[in-house]
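When we follow the working numbering, the leftmost residue of the sequence shown carries the number 1, and every step to the right adds one. All residues carry an ideal CB built from backbone N, CA and C; glycine is no exception.
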Amino acid sequence: QSAVVLQRTNHSQMASSAIVLLLVLLIPSAFTFSSKFVNDQLRLWFEPQDVTTTFGEAINLTLWIDGYSYTKNFSVQFSDSENAFVKIKPPICRFYEDEFQNNLTTFQAIGRRPGRFIVKASVEPERFVDDQRLFVRLKVALSQPLIIIALIIGWTYTACWSSGYYPQIYLNYKRQNVVGLSFDFLHINIIGHVSYAIFNSFMYWNSAIEQEYFKRHPYGLNPVIGNDVGFAVHACFATGFTILQCYVYENGGNSISKTAKAIIILYFHIMIGAACSVWFWSYHWLDFLYVLSYIKLSTTLVKYFPQAYMNYKRQSTEGFAIMNRLLDIAGGLFGILQMVINAWNFDDWQSILGDPVKFGLGVFSILFDLVFIVQHYCLYRPYQKSKYKSNKNHLKVSYHQTPA
Numbered sequence: 001q002s003a004v005v006l007q008r009t010n011h012s013q014m015a016s017s018a019i020v021l022l023l024v025l026l027i028p029s030a031f032t033f034s035s036k037f038v039n040d041q042l043r044l045w046f047e048p049q050d051v052t053t054t055f056g057e058a059i060n061l062t063l064w065i066d067g068y069s070y071t072k073n074f075s076v077q078f079s080d081s082e083n084a085f086v087k088i089k090p091p092i093c094r095f096y097e098d099e100f101q102n103n104l105t106t107f108q109a110i111g112r113r114p115g116r117f118i119v120k121a122s123v124e125p126e127r128f129v130d131d132q133r134l135f136v137r138l139k140v141a142l143s144q145p146l147i148i149i150a151l152i153i154g155w156t157y158t159a160c161w162s163s164g165y166y167p168q169i170y171l172n173y174k175r176q177n178v179v180g181l182s183f184d185f186l187h188i189n190i191i192g193h194v195s196y197a198i199f200n201s202f203m204y205w206n207s208a209i210e211q212e213y214f215k216r217h218p219y220g221l222n223p224v225i226g227n228d229v230g231f232a233v234h235a236c237f238a239t240g241f242t243i244l245q246c247y248v249y250e251n252g253g254n255s256i257s258k259t260a261k262a263i264i265i266l267y268f269h270i271m272i273g274a275a276c277s278v279w280f281w282s283y284h285w286l287d288f289l290y291v292l293s294y295i296k297l298s299t300t301l302v303k304y305f306p307q308a309y310m311n312y313k314r315q316s317t318e319g320f321a322i323m324n325r326l327l328d329i330a331g332g333l334f335g336i337l338q339m340v341i342n343a344w345n346f347d348d349w350q351s352i353l354g355d356p357v358k359f360g361l362g363v364f365s366i367l368f369d370l371v372f373i374v375q376h377y378c379l380y381r382p383y384q385k386s387k388y389k390s391n392k393n394h395l396k397v398s399y400h401q402t403p404a
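Right, here's the structure in full:
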């Protein structure tokens, strides 16, 4: 009986060894075949994929070709759907070589009207061809000077928003206290800025996130550029430094309210829940980043209320740097001006109306800036020092509110 058991054990070991040996032999072959299939696949793409031109101006579109063609010849043909708006020369191009390594071909595009267009091309035959990036996002403008003006305005509002953090920092340093500055406003604001910085950083630098985004939006453009990352990271550091001042300088007993704590805890629970959805369910990290972007948007809706209420309760804006709000409203108005110029220059008013949430939040921020301006300059005007001479020829200092 022991001999039978030993024989069965030997058979099992031999079978296991055979399976392991088979896997060792087959797995590298499978990877080699898969790699060969991917490397040999004919790949076509346009570079760059985002092109800006003006009405009636010809611009070159560069087609890159790499990989192996399983057919003796193939052709690249542009869709007829855009012919009324964009003229392509030549509309079709045939290739007769079997293998291509970093070859390129140039097409010419002429915009017949202002607008934003997706210029797509197709390959015949379609088998064994990677044509996912075989398109160009073409923007046709009415005027080149307006493009430059819009670019300058863009840098201007970025400068306004970025510099808007420093008047408050300087005021805190000058007064050596933060009395009059809402802790709720700062802590809710830092949650939004950190969420925005994480969203922008991963969207801009992480290739896996970017690939997932393009899967969902095949003809889309990565919504994040380098300026967005820099602005968000700078906002985190500036707001964080202001919060640090709150715990270093005299704060007059100010602290975070229970309501603000509840809001912050809610945000953290949402973040943790979104992260768990990625780890334990079939969600992608891109969905987690979208949740962070929604958190950023929601903080814009709630962060201003605590500061406005504090000003009302104290009947004063002393300690709150109004220059911050002036720079913010200037940046917001410049941003809207840039959107209007681009919409007119590219005949693309849908870019404004197509994202009502983002546009509405921008208007909402400007309205709250106006509330702070009214509080500071009309309702609770700053106290000024006046000097009166006493009977003993001494200066007596008294405080009074400047009449409206």
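Proximity test, residue i beta-carbon vs the ligand ZN heavy atom, cut-off 6 Å
{"i": "F305", "result": "Among the components modelled here there is no ligand, and therefore nothing to report on the ligand ZN."}
Pairwise C-alpha distance: residue j and residue i
{"i": "H11", "j": "W279", "result": "Summary for H11: the model assigns pLDDT 45, below 50, so the residue's position carries little reliability, and this model does not support an answer."}
{"i": "I148", "j": "A274", "result": "41 Å"}
{"i": "G240", "j": "D131", "result": "46 Å"}
{"i": "G331", "j": "R94", "result": "51 Å"}
{"i": "I270", "j": "H284", "result": "16 Å"}
{"i": "N39", "j": "G154", "result": "For N39, the pLDDT reaches just 49, beneath the cut-off of 50, and the residue's location in the model is therefore unreliable, although a value from the coordinates is still provided. Roughly 42 Å between the two C-alpha positions."}
{"i": "T156", "j": "Q77", "result": "42 Å"}
{"i": "V52", "j": "V140", "result": "Checking the sequence, you will find Thr at residue 52 rather than Val. Cα-Cα distance, rounded: 6 Å."}
{"i": "D50", "j": "F359", "result": "24 Å"}
{"i": "T317", "j": "Q375", "result": "7 Å"}
{"i": "T54", "j": "S79", "result": "21 Å"}
{"i": "P218", "j": "E47", "result": "16 Å"}
{"i": "A121", "j": "V302", "result": "46 Å"}
{"i": "S35", "j": "S282", "result": "For S35, the predicted model reports a pLDDT of 37, less than 50, meaning its position is unreliable and no value from the coordinates is stated."}
{"i": "F214", "j": "Y247", "result": "44 Å"}
{"i": "S315", "j": "F364", "result": "In the sequence under discussion, the amino acid at residue 315 is Gln, which differs from the Ser named in the question. One C-alpha to the other measures close to 23 Å."}
{"i": "P306", "j": "F183", "result": "8 Å"}
Given residue i as reference, the closest of the options once Cα atoms are compared
{"i": "F74", "options": "I92, V86, T62 and A58", "result": "I92"}
{"i": "I272", "options": "D287, E318 and T259", "result": "D287"}
{"i": "V86", "options": "T105, R112 and I65", "result": "R112"}
{"i": "I341", "options": "A150, L292, H284 and P167", "result": "A150"}
{"i": "I263", "options": "Q245, E47 and K296", "result": "K296"}
{"i": "K174", "options": "S182, Y249 and N103", "result": "Y249"}
{"i": "D347", "options": "F183, L146, I65 and V119", "result": "L146"}
{"i": "S255", "options": "G362, L367, I152 and F185", "result": "F185"}
{"i": "I366", "options": "L333, F268 and G319", "result": "L333"}
{"i": "N345", "options": "I65, D66 and G115", "result": "G115"}
{"i": "S207", "options": "I373, H193, V194 and N222", "result": "N222"}
C-beta atoms of residue i and residue j nearer than 7 Å
{"i": "N200", "j": "V224", "result": "yes"}
{"i": "I88", "j": "A58", "result": "no"}
{"i": "F117", "j": "L61", "result": "no"}
{"i": "V129", "j": "L63", "result": "no"}
{"i": "A84", "j": "Y165", "result": "no"}
{"i": "T242", "j": "I169", "result": "yes"}
{"i": "C236", "j": "A197", "result": "yes"}
{"i": "A308", "j": "V371", "result": "yes"}
{"i": "N311", "j": "P167", "result": "no"}
{"i": "L361", "j": "T299", "result": "no"}
Cβ separation of residue i and residue j, assumed to be a contact under 8 Å, to the nearest whole Å
{"i": "I188", "j": "A260", "result": "6 Å"}
{"i": "S163", "j": "L326", "result": "Contact flag wrong, Cβ pair sits at about 11 Å."}
{"i": "L289", "j": "F202", "result": "6 Å"}
{"i": "G252", "j": "N177", "result": "7 Å"}
{"i": "L181", "j": "L44", "result": "Not a contact, Cβ separation roughly 57 Å."}
{"i": "T158", "j": "N103", "result": "Going by Cβ atoms, the distance from T158 to N103 rounds to 40 Å, so no, they are not a contact pair."}
Ordered list of beta strand (DSSP E) runs contained in the segment 127–167, each at least 3 residues:
If we require 3 residues or more, the beta strand (DSSP E) runs fully inside the segment 127–167 come out as 135–141.
To test your reading of the DSSP string, which unbroken alpha helix (DSSP H) runs of 4 or more residues are found completely within the segment 280–354?
You should have 285–302, 304–314, 322–345 and 350–353.
Report the start-end ranges of each alpha helix (DSSP H) in the segment 186–261 that is 4 residues or longer and not cut off at the edges.
Note on the segment 186–261: whole alpha helix (DSSP H) runs with a minimum of 4 residues are 207–216 and 226–248, in chain order.
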